[in-house]
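S.K.:
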Amino acid sequence: MSARVVAFVAKSNTGKTTLLEKVIQELEKRGYRIGAIKHDAHSFDIDHPGKDSHRLAAAGAATMLITSPEKLALIKKHARTPPLEELVETYFSDVDIVLTEGFKRSSLPKIEVHRRERSPTLLCRGEEHDPTLLAVASDEPLDLDVPVLDINNPVQVADFVVERIIRADQ
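Using our numbering, read the sequence shown as starting at 250 and increasing by one per residue.
(1) How would you call L382, buried or exposed, if buried means at least 16 neighbouring beta carbons within 10 angstroms?
(2) On the CB-based measure, 16 or more other CB atoms within 10 Å of its CB, does A386 come out buried or exposed?
(3) Could you tell me which residues DSSP puts in a beta bridge with V258?
(4) If you compare alpha carbons, which of E350, M313 and E376 is closest to F257?
(5) Considering only C-alpha positions, which residue in the set I415, P358 and I286 is nearest to P331?
(6) Taking the C-alpha atoms as reference points, what is the distance between M250 and T339?
(7) Are the CB atoms of Y281 and I414 within a distance shorter than 8 angstroms?
(8) Assuming V272 and I346 make a contact with CB atoms under 8 angstroms, what is their CB distance in whole Å?
(9) In terms of residues, what are the limits of the beta strand (DSSP E) holding K265?
(10) What residue range is occupied by the uninterrupted alpha helix (DSSP H) comprising T339?
(11) To which residues of the same chain is T263 closer than 6 angstroms at the C-beta, ignoring the five residues directly before and after it?
(12) Based on Cα-Cα distance, which residue from D289, P390, I315 and R279 lies nearest to T266?
(13) So the beta strand (DSSP E) D379 belongs to, where does it begin and stop?
(14) Out of S355, I360 and H327, which has the shortest C-alpha to C-alpha gap to T312?
(15) When you compare the CB positions of I283 and L371, do they come within less than 8 angstroms of one another, or not?
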């Protein structure tokens, strides 16, 4: 993969989306172009019955793209989830970094989001030791072999992403 990618992983309802929103805003403020991919283990629908785009897809279009002067949306039917590497190469060549939410079983470098009230254990340093873990953003001090960042300090998390991911090979 040519694009830089980091996965934010956590158990459900830990605050991944909230932290990612703030990190994206901080990185964008610094002039970086950011892509985001959200993993959804369930079926989702961004199109709505009655809309022209929905009608075209329902008629049998395997790929349906709707575009306007400001944005576009692509609906592509597939038999299996495409590999993340393929998605990044195909859709994110124009960004500095791709931040994903989820993909905890991937081989991507990861930042785990941890809240003491949600769970006493970590995904990447629990029963399994994930060698791709770069850091943990937590609301409590932890004794780990990777940096522990303050979950309530998105500037610190953004600094880490810039230093360890965006500028890593520069």
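Cβ coordinates follow ideal geometry from the N, Cα and C atoms, glycine included. Note that this is a predicted model, so its numbers are computed, not measured.
M.R.: Here's the rundown:
(1) buried
(2) buried
(3) E361
(4) E350
(5) I286
(6) With a pLDDT of only 48 at M250, under the threshold of 50, the placement of this residue in the model should not be trusted; the figure read from the coordinates follows. Their Cα atoms are separated by approximately 10 angstroms.
(7) no
(8) Not quite, the Cβ-Cβ distance comes to about 10 angstroms (not below 8 angstroms), so this is no contact.
(9) It is not in any beta strand (DSSP E) - K265 instead sits in the alpha helix (DSSP H) that spans K265 to K278.
(10) L333 to Y340
(11) V362, R364 and R367
(12) D289
(13) Taken as a continuous stretch (DSSP letters only), D379 belongs to no beta strand (DSSP E), as it is neither H nor E.
(14) H327
(15) no
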